[in-house]
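**Q** In numbering that gives the first Met the number 0, the protein residues as written are 0 to 617.
Ideal Cβ placement from N, Cα and C applies to all residues, glycine included.
The structure presented is a predicted model; accordingly, all values stated were derived computationally and were not measured.
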Amino acid sequence: MTDETVPADEPGFPGMAPVPAPAAAAPAGYRVLARKYRPAHFGDLIGQDAMVRTLTNAFAAGRIPQAWMLTGVRGVGKTTTARILARALNYQNADGTGAPTTDLSQFGVHCQAIVEGRHIDVMEIDAASNNGVDNVRQINDAVRYAPVSARYKVYIIDEVHMLSGGAFNAFLKTLEEPPPHAKFIFATTEIRKVPVTVLSRCQRFDLRRVDAALLVGHLDKICRAEGIEAEEEALAAVARAAEGSVRDSLSILDQAIAHAGGKITLDEVRSMLGLSDRARVIDLFELTMKGDIAGALTELRAQYDAGADPAVVLSDLAEFSHLVTRLKLVPEAAKDNSLSQAERVRGADFAQRLSIRVLARAWQMLLKAVGEVRQADRPVMAAEMALVRLAHAADLPTPDEALRMLRDGSGAIGGNGSPAPRPPAGGGATALAARPVLASANPMPAAAPAAQVRASALPQPQSFEEVVALASRHRDITMKLALERDVRLVRFEQGRIEFALAEHGNRLLANDLSKRLKEWTGQTWLVAIVNAEGSATLREQAVAARDKRENDAANHPTVRAVMERFPGARIVDVRDPRAAEAEASATATSGDEDLPEFEPLFDDSEPDFDGIEFLTDN
0 MTDETVPADE
10 PGFPGMAPVP
20 APAAAAPAGY
30 RVLARKYRPA
40 HFGDLIGQDA
50 MVRTLTNAFA
60 AGRIPQAWML
70 TGVRGVGKTT
80 TARILARALN
90 YQNADGTGAP
100 TTDLSQFGVH
110 CQAIVEGRHI
120 DVMEIDAASN
130 NGVDNVRQIN
140 DAVRYAPVSA
150 RYKVYIIDEV
160 HMLSGGAFNA
170 FLKTLEEPPP
180 HAKFIFATTE
190 IRKVPVTVLS
200 RCQRFDLRRV
210 DAALLVGHLD
220 KICRAEGIEA
230 EEEALAAVAR
240 AAEGSVRDSL
250 SILDQAIAHA
260 GGKITLDEVR
270 SMLGLSDRAR
280 VIDLFELTMK
290 GDIAGALTEL
300 RAQYDAGADP
310 AVVLSDLAEF
320 SHLVTRLKLV
330 PEAAKDNSLS
340 QAERVRGADF
350 AQRLSIRVLA
360 RAWQMLLKAV
370 GEVRQADRPV
380 MAAEMALVRL
390 AHAADLPTPD
400 EALRMLRDGS
410 GAIGGNGSPA
420 PRPPAGGGAT
430 ALAARPVLAS
440 ANPMPAAAPA
450 AQVRASALPQ
460 PQSFEEVVAL
470 ASRHRDITMK
480 LALERDVRLV
490 RFEQGRIEFA
500 LAEHGNRLLA
510 NDLSKRLKEW
520 TGQTWLVAIV
530 NAEGSATLRE
540 QAVAARDKRE
550 NDAANHPTVR
560 AVMERFPGAR
570 IVDVRDPRAA
580 EAEASATATS
590 GDEDLPEFEP
600 LFDDSEPDFD
610 GIEFLTDN
């Protein structure tokens, strides 16, 4: 006899063999980590503090709605939260006491069945396979009956956005005015596909992606519970690959445990996921930004031979360029626990040496290249060509920088007026320099082009008044009047004019003036209307000067005597004979026949007394 009782065969019917005893129960199958460590109460949820706080306050105040809408990306806990809500609604102690609560640290009567998804009053419905009007009609018919054992009858409808239009319409009345014992919890990853008529009847919660640092801590806790040793760098790589999804991170961790067969290392995770070494990605980024095409191609091929996916390599390059941009704009981002030491130190160094324009251009080129590599028949070749483009563009200036350097003479131009050729790859100026420059050091040719010779012979105004005089010389009276009447000058320098436009001025004046100056001077002028307070217009200055002359003349003793001698006389003009003679002399000596001659408006003016013209009533 042994201590264990061996079940005996049961006797059979007369003439038949005994019925064999049932075999021992087979051991339960393995449960994946995503199911084994599924949260059972609100305290287990990570990264959803705002939602937990709102629900806790709502239950404490008794403000429980009839329907919730849970939305977010895959694996952030929508269905899990729905089951926890069902627990909170139907919480009941063994003695029959209890009320809806968010304190679920102790399991109640219905909790275990609800968590396992087998409670009769908590129905989980997949809208992907039950998306018709008939399915919703069945819910509408069944919702009228009271729950069997729990406090509330709870309907959890997953992927609710897959319901048909008719099914949504059939749901509206029940959803707006359900029986007191019925609650609805919807979950969806495509919130935009849910009609607004349904959303308006629900209390919506947007479940967020879990932060990488928080996810690393969660994975580390699970590894300790499972007795698995894992490197922090390896868990950080798993968290990055999961992109904020808790379920994805646990699935990857489950796979990593089986792949490593022991301690989970960064190399094991990288080999399993086809990732590239972060330090080598940074090396590749540096080679590319230096314009070292040969080194960049060699490094890419080495990573490819080691098992890295070319698309993943370019994606990591884009991610690192984004990190450098963030470190440049937000230096506090270096405190992120999910970053490696190399990413913190070298990323901060690149942030100081690279400009925002270079980083933005690299990001755009890499983002486009990732899609090209994924669609290419030979991904590694497509990735190599993408690096060639990026390396060649790394040391090129942006269009505005190129125009400014050409205008300043800092950009080299070949003999035919085109940009000089680039130096060999790996040398010359790079994006890591203080400022991108045109990659050439060839001197200007000895003989200037004919266009430059013609441009140098044309007048180059040094002041705004000379621009107005230039318009008068070319007999462009409309432009001359507009410049005198509508321009409030803000800034003038050779090749650049900025002004504020007077009231009722022509908004196209800046464009017209730029074209005229190009014709008159042979040079390109930047003319802009700015939102600033400029000086008085030339006409306003002339009027002010005339008023001052008249006031000064009116206060002269001789003029006062004349005004008293001729009652009713008034001053209409004040002239300086010496200035008139000097102007006439300069005109005669210059021989400028282009200046227009203007006839006086009135020939019957009074005689000029000491440069002052009077007008009398007699």
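Mind reading off the beta-carbon distance from A169 to N129? Whole number of angstroms is fine, and I expect it under 8 angstroms.
**A** About 12 angstroms separates the two Cβ atoms, so there is no contact after all.
**Q** My understanding is that I119 touches I155, with C-beta atoms under 8 angstroms, so please give their C-beta distance in whole angstroms.
**A** Not confirmed; about 14 angstroms, so no contact.
**Q** Alpha carbon to alpha carbon, what distance is there between T55 and P178?
**A** If you take the alpha carbons of P178 and T55, they lie about 23 angstroms apart.
**Q** Pair every Cβ in the region 212 to 222 with every Cβ in the region 70 to 89, then say whether three or more of these pairs are closer than 8 angstroms.
**A** Because the criterion of three Cβ pairs below 8 angstroms is not met, the region 212 to 222 and the region 70 to 89 do not touch.
**Q** Report the rounded CA-to-CA distance for A440 versus D205, giving the unit in angstroms.
**A** Low confidence applies here, because A440 scores a pLDDT of 33, under 50, leaving its location unreliable; read the following figure in that light. Taking the straight line from one Cα to the other gives about 57 angstroms.
**Q** Evaluate contact between the region 332 to 344 and the region 274 to 284, counting only Cβ atoms and requiring at least three cross-stretch pairs below 8 angstroms.
**A** These segments touch.
**Q** Taking all protein chains shown into account, decide if A259 is buried (16 or more other Cβ within 10 angstroms of its Cβ) or exposed.
**A** Counting Cβ neighbours within 10 Å, A259 comes out buried, since at least 16 surround it.
**Q** Which one of I476, Y144, Y151 has the shortest CA to CA distance from I63?
**A** Looking at the Cα atoms, Y151 is the closest of the given residues.
**Q** Using 7 angstroms as the threshold, is the C-beta distance between I263 and A233 below it?
**A** Cβ atoms of I263 and A233: closer than 7 angstroms.
**Q** Kindly provide the ranges of any beta strand (DSSP E) runs that are 3 or more residues long and lie completely inside the region 494 to 557, ordered along the chain.
**A** Fully enclosed beta strand (DSSP E) runs of 3 or longer: 495 to 500, 525 to 528.
**Q** What is the residue span of the alpha helix (DSSP H) that E618 lies within?
**A** The structure shown does not extend to residue 618, since the chain is modelled only from 0 through 617, so no value can be given for it.
**Q** Identify every residue that forms a DSSP beta bridge with M68.
**A** M68 is bridged to F185, R203.
**Q** With respect to the beta strand (DSSP E) encompassing I156, which residues constitute its N-terminal and C-terminal limits?
**A** Looking at the DSSP string, the run of the beta strand (DSSP E) that includes I156 is 152 to 157.
**Q** Taking 6 angstroms as the cut-off, is the beta-carbon of D551 closer than that to any non-hydrogen atom of the ligand COA?
**A** Inclusion of the ligand COA in the displayed structure is not the case, the ligand content being empty and no account of it being possible.
**Q** Do three or more CB pairs link the region 223 to 231 to the region 191 to 204 at distances below 8 angstroms?
**A** Cβ pair count under 8 angstroms is below three, so no.
**Q** Beta-carbon within less than 8 angstroms of M478's beta-carbon, same chain only, minus the 5 sequence neighbours each way: which residues are those?
**A** Excluding residues within five positions, the ones whose Cβ falls inside 8 angstroms are A470, D511, L512, R515.
**Q** Classify S298: buried if its beta carbon has 16 or more other beta carbons within 10 angstroms, exposed otherwise.
**A** Residue identity differs from the one stated: residue 298 is Glu in this sequence, not Ser. Per the 10 Å Cβ criterion, buried.
**Q** If you draw a straight line from the C-alpha of A375 to the C-alpha of R388, how long is it?
**A** The alpha-carbon atoms of A375 and R388 are separated by roughly 16 angstroms.
**Q** Taking the DSSP output, what are the residues bridged to V486?
**A** Answer by DSSP bridge pairing, in chain order: L500.
**Q** Output the residue ranges of the beta strand (DSSP E) runs that lie fully inside the region 34 to 105 and measure 3 residues or longer, sorted by chain position.
**A** Entirely contained in the region 34 to 105, the beta strand (DSSP E) runs reaching 3 residues are, in chain order, 66 to 70.
**Q** How would you write the range of the beta strand (DSSP E) that R569 sits in, first residue to last?
**A** R569 -> beta strand (DSSP E) spans 569 to 573.
**Q** Given 8 angstroms as the limit, is there contact between the region 556 to 563 and the region 517 to 537, that is, 3 or more CB pairs closer than that?
**A** Not touching, per the Cβ criterion.
**Q** Is S248 buried or exposed, if buried means 16 or more other CB atoms sit within 10 Å of its CB?
**A** Under this definition S248 is a buried residue.
**Q** Using only the alpha-carbon positions, how far apart do G261 and L88 sit?
**A** Their backbone Cα atoms lie some 43 angstroms apart in a straight line.
**Q** For R167 versus P194, is the C-beta distance shorter than 7 angstroms?
**A** Checking the sequence, you will find Phe at residue 167 rather than Arg. A contact, by the Cβ cut-off of 7 angstroms.
**Q** Would you mind working out which of N134, V489, E175, D485 sits nearest E502, comparing C-alpha positions?
**A** Among N134, V489, E175, D485, the Cα nearest to that of E502 belongs to D485.
**Q** In or out: R277 buried (at least 16 other Cβ within 10 Å) or exposed?
**A** Counting Cβ neighbours within 10 Å, R277 comes out buried, since at least 16 surround it.
**Q** Taking C-beta to C-beta, are F58 and T101 nearer than 7 angstroms?
**A** Yes.
**Q** Have a look at L405 and R377 and give me their C-alpha separation to the nearest angstrom.
**A** So the alpha carbons of these two residues sit roughly 40 angstroms apart.
**Q** DSSP three-state call for E331: helix, strand or coil?
**A** E331 falls in the helix class under three-state DSSP.
**Q** Specify whether the region 490 to 502 and the region 541 to 556 touch according to this definition: at least 3 beta carbon pairs, one from each stretch, less than 8 angstroms apart.
**A** As far as the Cβ criterion goes, the region 490 to 502 does not touch the region 541 to 556, which means the pair count is below three.
**Q** Output the boundary residues of the alpha helix (DSSP H) element that contains F349.
**A** Residues 340 to 352.
**Q** List the DSSP bridge partners of D125.
**A** Looking at the DSSP assignment, D125 forms a beta bridge with D157.
**Q** DSSP three-state label for F170, please.
**A** Three-state result, F170: helix.
**Q** Count the other C-beta atoms from every protein chain shown that fall within 10 angstroms of the C-beta of S104, then say buried if there are 16 or more, exposed otherwise.
**A** Burial call: exposed.
**Q** Out of V75, V121, R117, G107, point me to the one whose CA is closest to A85's CA.
**A** Nearest C-alpha to A85: V121.
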